[in-house]
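Undergrad: Under the working numbering, the residue at position 91 of the sequence shown is numbered 91, and the numbers go up by one with no gaps.
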Amino acid sequence: MAVLLNIPNKNAHLELIQPEHIDQLYELLESNRDYLQRNIPGIDAIRTREDLQKRWTVSKENSLHFGLWLNKNQLIGRCRLTRNPETGCADFGYWLDESFQGQGLMTAAVEALTKFAFEQWNANRVEIHCGDSNLRSRGIPERLGFCNEGISSKYPPIELNGRLVQSIVYSKIRSM
Ligand SMILES: CC(C)(COP(=O)(O)OP(=O)(O)OC[C@H]1O[C@@H](n2cnc3c(N)ncnc32)[C@H](O)[C@@H]1OP(=O)(O)O)[C@@H](O)C(=O)NCCC(=O)NCCS
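#1: What is the rounded straight-line gap between the Cα of LEU70 and the Cα of THR87?
#2: When the Cβ atoms of the region 109 to 125 are set against those of the region 79 to 96, are three or more pairs found closer than 8 Å?
#3: So, with DSSP's three-state summary, where would you put VAL126?
#4: Is there contact between the region 18 to 27 and the region 99 to 117, where contact requires at least three CB pairs shorter than 8 Å?
#5: Looking at the secondary structure, which residues open and close the beta strand (DSSP E) in which PHE66 lies?
#6: What are the start and end residues of each continuous beta strand (DSSP E) run of 3 or more residues lying completely inside the region 97 to 169, in chain order?
#7: Considering only C-alpha positions, which residue in the set CYS79, GLY102, ASP97 and GLN101 is nearest to ASP91?
#8: Under the DSSP definition of a beta bridge, which residues are partnered with GLY42?
#9: Looking only at its own chain, which residues have a Cβ that is under 7 Å from the Cβ of PHE146, when we skip the five neighbours before and after it?
#10: Determine whether the beta carbon atoms of CYS130 and ARG143 lie at a separation below 7 Å.
#11: Here's a check: name, in chain order, each residue in its chain whose Cβ is nearer than 7 Å to the Cβ of ASP178, leaving out the five neighbours to either side.
#12: Buried or exposed, going by whether 16 or more other CB atoms sit within 10 Å of the CB of VAL58?
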C-alpha cells in the first residue's frame, strides 16, 4: 500500500511508515520519550523496536500509520488515521518531535489527513480526542474549525502522570 500526501507550503509530506523506517522512528521516539509520556498513555509499553513495530507501523485497510517528513527525508512525527466502516467515522492520533513544535506543521498534516478521510475514505465524520489539559493538542482541531463536543462519556478518564485526564472530543463532518 502506498499513500503519499504532500503538505502545501511546508516542504513536508506524510507517507505510510514502512519496515525500513523503523530505526528512524525508534530513534525519534527515544529522543522524545519523556515529553511524549506526559501526554500519550501507553508510551511506557513501547521499549524495543519490536514493540514499536507491532503497535505503530503496520498499516491495515482501516488503520493507517503515517510518518511526517520534512525536507523529503527528515522524520519529525507520526499520525494515525483509523476508520470504522460501519459508522463512517474516522479518528486521529498524532505526535511531533518536541523541537519542531510551534510552526503549524501538525495542524497542516491533520488538515491534509482530514481531506484524505473525507475524499478517499468517504468518511462522514472525523474525530480527534484530546486530553483536557493537553492545550497544544487541543489547539490543532480548534485551529482547523472542528466542533468542540466537550467531555466524552464514551472514553472514561485515564490516569496519566498522577492525575485523571478526561477526553475532549472534537469533530468535523463532511460537507455535501
Ligand atoms: C500535540 C502536538 C503535535 C502539537 O504541536 P504544535 O507544534 O503545537 O502543533 P503545530 O505543529 O500545528 O503548531 C501549532 C503552533 O504553531 C504556531 N504556528 C506558526 N505558524 C503556523 C501556521 N502557519 N499555521 C498554524 N500554526 C502556526 C501556532 O500558533 C501554534 O503555536 P501556539 O500553540 O504557541 O499558538 C505536540 O505538542 C505533541 O506532539 N505533543 C506530545 C504528544 C501529544 O500530546 N499528542 C496528542 C495526543 S491527543
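We put the CB at the ideal spot given by N, CA and C, even for glycine.
TA: So, from the data block:
#1: A direct Cα-to-Cα measurement between LEU70 and THR87 gives close to 34 Å.
#2: Touching, yes, given that three or more Cβ pairs across the two stretches are closer than 8 Å.
#3: Looking at VAL126 - three-state DSSP - the assignment turns out to be strand.
#4: Flag = no, the region 18 to 27 and the region 99 to 117 do not touch.
#5: For PHE66, the enclosing beta strand (DSSP E) covers residues 63 to 70.
#6: The region 97 to 169 contains these whole beta strand (DSSP E) runs: 125 to 131, 147 to 151, 158 to 160 and 163 to 165.
#7: It is CYS79 whose Cα lies nearest to the Cα of ASP91.
#8: Partner(s): none; GLY42 has no beta bridge.
#9: Around PHE146: ILE128, TYR170, SER171 and LYS172.
#10: Result no, Cβ atoms of CYS130 and ARG143 do not sit closer than 7 Å.
#11: Since the first residue shown for the chain is 1 and the last is 176, residue 178 is missing from the structure and cannot be characterised.
#12: VAL58 is exposed by the Cβ-count criterion.
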